[in-house]
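Engineer: Quick note: the sequence shown, position 234, residue 233 per numbering that gives the first Met the number 0, numbers continuous. Got a structure for you, written out below as structure tokens; questions coming shortly.
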Amino acid sequence: MSEAPVAVFDSGVGGLSVLAEIQQLLPNESLLYLGDCGYIPYGEKTPEFIRQRCGLMARFFREQGAKALVLACNTATVAGVAELRGDFPDWPIVGMEPAVKPAAAATRSGVVGVLATTGTLQSAKFAALLDRFAGDVKVVTQPCPGLVERIENGDLHSAALCQLLQGYVEPLLAAGCDTIILGCTHYPFLKPVLSRMLPGHISLVDTGAAVARQLQRLLDEGGLRAHGPARETRFWTSGNVPHFAKVLPILWQESGSVQSFDL
Ligand code: DGL
0 MSEAPVAVFD SGVGGLSVLA EIQQLLPNES LLYLGDCGYI PYGEKTPEFI
50 RQRCGLMARF FREQGAKALV LACNTATVAG VAELRGDFPD WPIVGMEPAV
100 KPAAAATRSG VVGVLATTGT LQSAKFAALL DRFAGDVKVV TQPCPGLVER
150 IENGDLHSAA LCQLLQGYVE PLLAAGCDTI ILGCTHYPFL KPVLSRMLPG
200 HISLVDTGAA VARQLQRLLD EGGLRAHGPA RETRFWTSGN VPHFAKVLPI
250 LWQESGSVQS FDL
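Spelled out as structure tokens, the structure:
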């Protein structure tokens with residue numbers, strides 16, 4: 000069982016930012032990745048719809064023999080992780096949420112910004128996260144429609160992307176944020192452009208590395224760590240396979256086989 004793969008999914012290519020953290024921390028693990036690109040963006044879908052997609056993908060990965068599941072998507076986590084844990088109580092499942100706790104601990108100005116999808120920001124789970132961890136820190140939220148679609152096309156620094164992004168970070172800077180949470184797994188791919196755009200004192204925080212550490216803990220607890228060597232990472236998409244295969248090398252350092260997931 001320990002040599003079985005770890006399964007990772009997102010609404011699209013954003014979860015590749017989390018996959019990279021997992022691969023770096025756990026290089027012996029074989030990885031399966033599914034981008035649900037046919038149904039992106041999740042940020043504008045209903046929780047019920049996202050829960051259904053989560054259930055389909057989880058069952059697919061069970062059939063593939065995955066030993067653990069990672070929801071490399073904040074929006075899917077708020078909508079679907081509780082139900083998945085109920086449906087598969089014996090399966091290590093890792094979800095993710097915006098890094099409010101570390102950001103609240105790090106800010107000096109006392110103002111933290113959150114860039115995330117509309118679905119994440121409107122969820123009760125996010126409200127509970129703020130109640131629990133924001134304390135006296137002021138949290139300014141900013142939904143970012145349109146960003147995910149650009150990243151899905153492999154656009155990480157065009158003039159149009161920069162203009163869109165500038166419009167999203169300006170209100171956060173005007174509010175006095177010194178720490179910005181990247182609360183969607185697509186956004187870490189914008190770190191290079193953000194660090195050129197933002198004043199030097201602004202820190203960016205995301206949760207990819209914490210997700211990899213949580214996966215490591217759960218695998219260790221279950222005696223499930225692989226001893227390797229890892230097999231090739233395999234990819235699926237519910238969207239257009241040639242498009243996914245074209246964008247993959249822009250966001251992922253290796254090539255890999257891409258197959259269609261047509262449920
Ligand atoms: N990557 C996803 C997240 O972390 C969502 C992107 C989407 O809207 O589909 O929230």
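Every residue gets a Cβ at the ideal spot worked out from N, C-alpha and C, and that includes glycine.
1. With hydrogens ignored, establish whether the beta-carbon of residue 268 is closer than 7 Å to any heavy atom of the ligand DGL.
2. By how many angstroms is the C-alpha of residue 165 removed from the C-alpha of residue 176?
3. What separation, rounded to the nearest whole angstrom, lies between the Cα atoms of residue 131 and residue 56?
4. Between 106, 52, 103, which has its C-alpha nearest residue 82's C-alpha?
5. Identify whether residue 233 lies in helix, strand or coil by the three-state DSSP scheme.
6. When burial is assigned at 16 or more other CB atoms within 10 Å of the CB, is residue 43 buried or exposed?
7. Could you tell me the alpha carbon to alpha carbon distance between residue 180 and residue 155, rounded to whole angstroms?
8. If residue 134 sits next to residue 163, beta carbons under 8 Å apart, how far is it from one beta carbon to the other, in whole angstroms?
9. Which whole-angstrom value describes the C-beta separation of residue 93 and residue 213, a residue pair presumed to lie in contact below a C-beta threshold of 8 Å?
10. Could you tell me if residue 199 is buried or exposed, where buried requires 16 or more neighbouring beta carbons within 10 angstroms of its beta carbon?
11. Please classify residue 228: does DSSP put it in a helix, a strand, or coil?
12. Using the C-alpha atoms, what's the distance from residue 41 back to residue 76?
13. Note down the Cα distance separating residue 110 from residue 171, rounded to an integer number of angstroms.
14. Helix, strand or coil for residue 116? Go by DSSP, reduced to three states.
15. Does residue 137 come out as helix, strand or coil in the three-state DSSP assignment?
16. Thinking C-beta only, is residue 38 closer than 8 Å to residue 1?
17. Pull the bridge partners of residue 202 from the DSSP assignment, please.
18. Give the straight-line distance between the Cα atoms of residue 204 and residue 105, rounded to the nearest whole angstrom.
19. Answer yes or no: the CB of residue 183 versus the heavy atoms of the ligand DGL, is any distance below 7 Å?
20. When the Cα atoms are used, what is the spatial distance from residue 27 to residue 3?
21. Taking the Cβ atom as the reference point for each residue, do residue 97 and residue 116 lie within a distance shorter than 8 Å?
22. Based on Cα-Cα distance, which residue from 183, 160, 137 lies nearest to residue 120?
23. Spatial neighbours of residue 20 within its chain, please: CB distance less than 8 Å, with the 5 preceding and 5 following residues excluded, ordered by chain position.
24. Report the three-state DSSP secondary structure of residue 142 (helix, strand or coil).
25. Taking DSSP's pairing of strands, which residues face residue 258 in a bridge?
26. Regarding residue 64 and the ligand DGL, is the C-beta to nearest heavy atom distance less than 7 Å?
Structural biologist: Checking against the coordinates, here is how it stands:
1. Coverage of the chain is limited to positions 0 through 262, which leaves residue 268 absent and any answer about it impossible.
2. Roughly 14 Å between the two C-alpha positions.
3. When only Cα atoms are considered, residue 131 and residue 56 end up about 30 Å apart.
4. Closest option to residue 82, Cα to Cα, is 52.
5. DSSP places residue 233 in strand when its eight states are reduced to three.
6. Residue 43 counts as exposed, since fewer than 16 other C-beta atoms from the protein chains shown sit within 10 angstroms of its C-beta.
7. Taking the straight line from one Cα to the other gives about 18 Å.
8. At roughly 32 Å, the Cβ-Cβ gap does not stay under 8 Å, so residue 134 and residue 163 are not in contact.
9. Right, their Cβ atoms sit about 5 Å apart.
10. Under this definition residue 199 is an exposed residue.
11. Three-state result, residue 228: coil.
12. The straight-line gap from Cα to Cα measures roughly 11 Å.
13. Their Cα atoms are separated by approximately 9 Å.
14. Of the three classes helix, strand and coil, the one that applies to residue 116 here is coil, per DSSP.
15. Residue 137: strand per DSSP, three-state reduction.
16. No, Cβ-Cβ distance for residue 1 and residue 38 is not below 8 Å.
17. As a beta-bridge residue in DSSP terms, residue 202 pairs with 178.
18. One C-alpha to the other measures close to 10 Å.
19. At least one heavy atom of the ligand DGL falls within 7 Å of the beta-carbon of residue 183.
20. In this structure, the alpha-carbon of residue 27 lies about 11 Å from that of residue 3.
21. The Cβ atoms of residue 97 and residue 116 lie no closer than 8 Å to each other.
22. The shortest C-alpha separation from residue 120 is found at 183.
23. 207, 208, 210, 211.
24. The answer is strand: DSSP assigns residue 142 an E or B state.
25. Its beta-bridge partners are 235.
26. Checking the Cβ of residue 64 against the ligand DGL gives no.
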